[in-house]
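Just below is one structure, and these are the notes that go with it.
There are 2 protein chains.
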Amino acid sequence: MPKSAAYIAIDWGTTNRRIFRMTADGDVLDTVRDDRGILAVRRDEYGREIDSIRSRHGALPIIAAGMVGSTRGWIDIPYISAPADAAALAGALAGAPAERVSIVPGIAFQDAHRADVMRGEEVQVFGAIESGQAPADALFCQPGTHNKWIATHGARIVEFATVLTGELFALLKQHGILAGMLDGTVEDGRAFREGLARGAGATDLTVALFEVRAAVLLEKLAADDAAAFASGLLIGADIGSRGDLAGRCVHLLATGSLATLYASAIEWRGGTSVAIDSHAAFAAGIHKIWKLADD
Amino acid sequence: MPKSAAYIAIDWGTTNRRIFRMTADGDVLDTVRDDRGILAVRRDEYGREIDSIRSRHGALPIIAAGMVGSTRGWIDIPYISAPADAAALAGALAGAPAERVSIVPGIAFQDAHRADVMRGEEVQVFGAIESGQAPADALFCQPGTHNKWIATHGARIVEFATVLTGELFALLKQHGILAGMLDGTVEDGRAFREGLARGAGATDLTVALFEVRAAVLLEKLAADDAAAFASGLLIGADIGSRGDLAGRCVHLLATGSLATLYASAIEWRGGTSVAIDSHAAFAAGIHKIWKLADD
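One line per chain: the protein sequences are A and B, in this order.
Residue numbers for the first sequence follow my numbering, beginning at -9 and rising by one.
Residue numbers for the second sequence follow my numbering, beginning at -9 and rising by one.
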């Protein structure tokens, strides 16, 4: 007899969302990805979105994580404070304004020096540990528009930092003085490595960014290499913001060319990296939270 | 008898231009500022622009400096190399494709580590020295969309660096995750000072930028203060990129609130600043070049 779906889990982010049909044992029956992220959904449309999801995937309980629970999403769910484990998240699940829909809170970090927040990434981190893809004491890196560095200890998120890397690259590529110069292919090669070396540990990143233009105008940098160099600068600054990579294993929640670039940069700083299957990690994490909340 | 105009000088930048009617002795008869910067003028329209300027200001020889001589302007005039003085600029004046119009070249800097370029700022620097507003050995700071730090020795520009400070603030304010958070007043106060302290010398500026959002969400930073804090971060990174400010006098080519913010940041780093009248500096600089070219 085929297994039947027990609930629906949604990884509901800013731009995209992924819907998982889950069994009571945490197996994934199927997943659907679409572009109905929170930027595409008005606050008064979420009830209709839920109806639509249930009409397609079954009249099941729903658990959602990510930016859907933010000031910019459906309903603002208060953050819980780091250090936090999956049980703390499960204990703080919040009901959405729709029947049998709960939302996972995000996590906030504060110390004397800095503050940071996350929504959604925490589920993948706990799932990676739960599914044995990462140990309970680990350092995760989750590149994207905003890269997140997340440190766990005893399967608790103890510290994290968000880096504006991808967003800055996109802004510089589309607008401002470097626009039109950053359309080349970004790949791991000499230009990318030169960017890493210039950006890592630099106290003058905003000077280095203008050098991209100067180096192209003065023909010190081929126009085709400018994007790779600029990406290297920003990823170098990102990687360099952590002084603790030498000899460490980083668990990389990324795929495709971003995974390649970050893996290369981490290795350049003396670390190693292991790729984590982020969809499997999300499923394992959300199921753990679901079970803990059910107990 | 009133003095008569001998030539027209134009400080022709990206967004704006300023037209000076000059006597043979270098006195400024009048100036007009408009928004016909190079972004507003197509390459094939410059001839008509020159005709229009002469019909309003007199059928005189014209000397222009700034982005008008760039790949994005009227005609691309090759840079001369630093170290360079006003005589080197005068010796490399280029004819524009119009009668009796010459264009001042920009200056390029290269060493083993970095490359940089400028067009237009050099005229103000030489003029500030020529008019006695700054000594022949000086450090200039010229904030704006792109801040320029320019060091002179013996009235020659020996080194300079361009910082993307203003552009990054504008991009973050208009686009991306901080948009909508940076509309408050930017002024010298506690939030700006906290930003300076966080940004100066930081090797993790792209982490610090996301902290603006986190600190507002976690109510560690008042929403009204976010713009001042973010501006402090970027100006802090800018000022901090120079390790040589303590005990130094910086000649500041700026007016208004930018001048106040940079003066405050320079003082915070142990330096002092002197405000330079940048219009008078341009007039003195362009006249010096004009005379040198005439000899």
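Just so it is clear, CB atoms sit at the ideal spot from N, CA and C, and this is done for glycine as well.
Under DSSP, the beta-bridge partners assigned to M108(A) are I97(A).
L224, A227, D228, G230, S231: these are the residues of the region 221 to 250 of chain B whose beta carbon lies less than 8 Å from some beta carbon of chain A, given in chain order. With 16 or more other CB atoms across the displayed protein chains lying within 10 angstroms of its CB, E112(A) is buried.
K210(B) belongs to the set of residues whose beta carbon lies under 7 Å from a beta carbon in chain A. Residues of chain B with a Cβ closer than 8 Å to the Cβ of E111(A) do not exist; the shortest Cβ-Cβ separation is about 13 Å. Between G191(A) and chain B, the shortest Cβ-Cβ separation is below 7 Å.
Each residue's CA atom was taken as its position, placing A(-1)(A) and V91(A) some 10 Å apart.
Here A192(B) really is in contact with T193(A); their C-beta atoms are around 7 Å apart, less than 8 Å. Taking a 10 Å sphere around the C-beta of H136(B), we find 16 or more other C-beta atoms and assign the residue as buried.
A distance below 6 Å between beta-carbons, with the five flanking residues on each side excluded, links A124(B) to the following residues of its chain, in chain order: A118, H241. Distance from the CA of I52(A) to the CA of R232(B), rounded to the nearest whole angstrom, comes to 54 Å. By the C-beta criterion, the region 154 to 165 of chain B is judged to be in contact with the region 156 to 167 of chain A, since at least 3 inter-stretch pairs fall below 8 Å. The way I'd put it, the region 225 to 239 of chain A doesn't touch the region 90 to 109 of chain A; fewer than three beta-carbon pairs between them come closer than 8 Å. For V58(A), not one C-beta of chain B is nearer than 7 Å to its own C-beta. Below the 9 Å Cβ cutoff, chain A contributes no neighbours of H143(B), its closest Cβ being approximately 20 Å away. When secondary structure is reduced to three states using DSSP, S92(A) falls in the strand class. Assigned with DSSP and collapsed to three states, L235(A) falls in coil, not helix or strand. Near chain B, meaning a CB-to-CB distance below 7 Å, the residues of the region 168 to 202 of chain A are G191, A192, T193, D194, L195, T196, V197, L199, F200, E201. Residues of chain B with a Cβ closer than 7 Å to the Cβ of A151(A) are, in chain order, V197.
DSSP places T193(A) in the coil class of the three-state scheme, outside both helix and strand. In the structure shown, V153(B) adopts extended strand secondary structure according to DSSP, grouped into three states.
About 21 Å separates the beta carbons of K278(A) and E149(A), which is beyond the 8 Å limit, so they are not a contact pair. Separation of D66(B) and A55(B) (C-alpha to C-alpha, rounded to the nearest whole angstrom) is 12 Å.
Contact between G189(A) and G246(A) fails: their C-beta atoms lie close to 21 Å from each other, not under 8 Å.
Bounds of the beta strand (DSSP E) holding Y(-3)(B) are -5 to 2. Residues are counted here when their Cβ sits less than 7 Å from a Cβ of chain A; for the region 84 to 108 of chain B these are A98, Q100, R104, A105, D106, V107, given in chain order. The straight-line gap separating the alpha-carbon atoms of G96(A) and A255(B) is approximately 36 Å. When DSSP states are grouped into helix, strand and coil, V22(B) belongs to the strand group. Interface criterion met: the Cβ of A205(B) is under 7 Å from a Cβ in chain A.
Contact between the region 264 to 272 of chain A and the region -2 to 12 of chain A is present: three or more C-beta pairs spanning the two stretches fall below 8 Å.
Taking a beta-carbon distance threshold of 7 Å, E157(A) counts as an interface residue toward chain B.
Against chain B, the beta carbon of L154(A) has neighbours under 7 Å at T196, L199, F200, listed in chain order.
The C-alpha of A126(A) lies about 18 Å from the C-alpha of G261(A). Neighbours of H277(B) in chain A, taken as residues at a C-beta separation under 8 Å, are lacking, since the least C-beta distance is about 28 Å.
When secondary structure is reduced to three states using DSSP, V206(A) falls in the helix class. If you draw a straight line from the Cα of Y(-3)(B) to the Cα of R62(B), it is about 25 Å long.
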